[in-house]
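Throughout, my numbering is defined as the position within the sequence shown, counted from one, plus 506.
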Amino acid sequence: MKPTPLSMRPDGPMGRPFAKIMERMNAPSYEAVLDALSLQRGEAVLEVGFGTGEFLRRAATRMQAGYLAGVDPAPLMVEMATARLLPAPASLTIELREAGADTFDWPPGTFDAVAAIHSFQFWDAPEAALIHIRALLKPGGRLCLCLREHGKSPPQWLPNPISRAPDETSRLLVLLADCGFSNPHIKSGERRAVLVLAHAP
Numbered sequence: 507m508k509p510t511p512l513s514m515r516p517d518g519p520m521g522r523p524f525a526k527i528m529e530r531m532n533a534p535s536y537e538a539v540l541d542a543l544s545l546q547r548g549e550a551v552l553e554v555g556f557g558t559g560e561f562l563r564r565a566a567t568r569m570q571a572g573y574l575a576g577v578d579p580a581p582l583m584v585e586m587a588t589a590r591l592l593p594a595p596a597s598l599t600i601e602l603r604e605a606g607a608d609t610f611d612w613p614p615g616t617f618d619a620v621a622a623i624h625s626f627q628f629w630d631a632p633e634a635a636l637i638h639i640r641a642l643l644k645p646g647g648r649l650c651l652c653l654r655e656h657g658k659s660p661p662q663w664l665p666n667p668i669s670r671a672p673d674e675t676s677r678l679l680v681l682l683a684d685c686g687f688s689n690p691h692i693k694s695g696e697r698r699a700v701l702v703l704a705h706a707p
C-alpha cells in the first residue's frame, strides 16, 4: 500500500511544518473565498477540509458572531485547529469534527454557506459529497469550492476522478448542476486557483 501524501493527510514528524507551509501558501485563497461568500454576522458556515483552521479563524474575525463548523479527516489537523480556535468567544459557536467530505452529518438546512479550499481534489466520492452538502445548506445557501489549478497534466494519484481530468472545472460545473445546485459558475480567483460558486435551490 502506498503511503498517503502529506497534502492529503498531514501526519507524522513532517505533518505540522507541512501544514504551516500550506497555510501560508493558501492565504490568498482564504481571502478570495471569504470575499466570494460575503459572510454575514450571525450566519452558520461549514468548511470541508479545514486544515490548520486559518480560514475559520479569518471567518470568525469577519463575522464576529455566528456558528462556524468544520470537518477534516486528519487527526493532526483537528488538533491544530482546535488549539487555534477554541475556546471561542461567547458570540461564536465553533464545532470541529474529524470526518471526510461525505461522512459527517448535521440536520438538513443547517448552513448558510459552505467552503472547501483546495480540498475538493481529495474527495474520492465527489457526487455523494456534493449531494450531501446541498442537503445541509439552507434554501439559497452558498457553496464556494476553491480549486488548485493543475493545468493540462493533473496528478494521477489524486483520489477525485474529476480532479484527475484536465477539464476539472467544466466537469465540476456539470456535476454541481446534476447534484441539484443552481447557478454554478466560475468566479475569478487568485493566481493558480479558481473559485466555483453555486447555490442551493
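Heads up, the beta-carbon is just placed ideally off N, CA and C, and yes, glycines get one too.
Going by DSSP, E604 is part of the beta strand (DSSP E) stretching over 598-604. A594 is not a Cβ neighbour of L543, given a cutoff of 8 Å. Per the C-alpha coordinates, the member of G557, V551, D517, P519 positioned closest to R530 is G557.
Comparing C-alpha distances from I692 to each of T609, C652, C685, F626 shows the shortest one belongs to C652. DSSP places F617 within a strand segment (E or B) once states are collapsed to three. For S688, the uninterrupted beta strand (DSSP E) run begins and ends at 688-693, by DSSP. Runs of the beta strand (DSSP E) lying entirely within the segment 532-556 and spanning at least 3 residues, in chain order: 550-554. Contact check between the segment 584-601 and the segment 559-572: three or more CB pairs, one atom from each, fall below 8 Å, which counts as touching.
Closest by C-alpha distance to A605, out of G615, A589, R590, S625, is S625. By the neighbour-count criterion, in which a residue is buried when 16 or more other Cβ atoms sit within 10 angstroms of its Cβ, E537 is exposed.
Linking A580 to R677 through their CA atoms gives a straight-line distance of about 27 Å.
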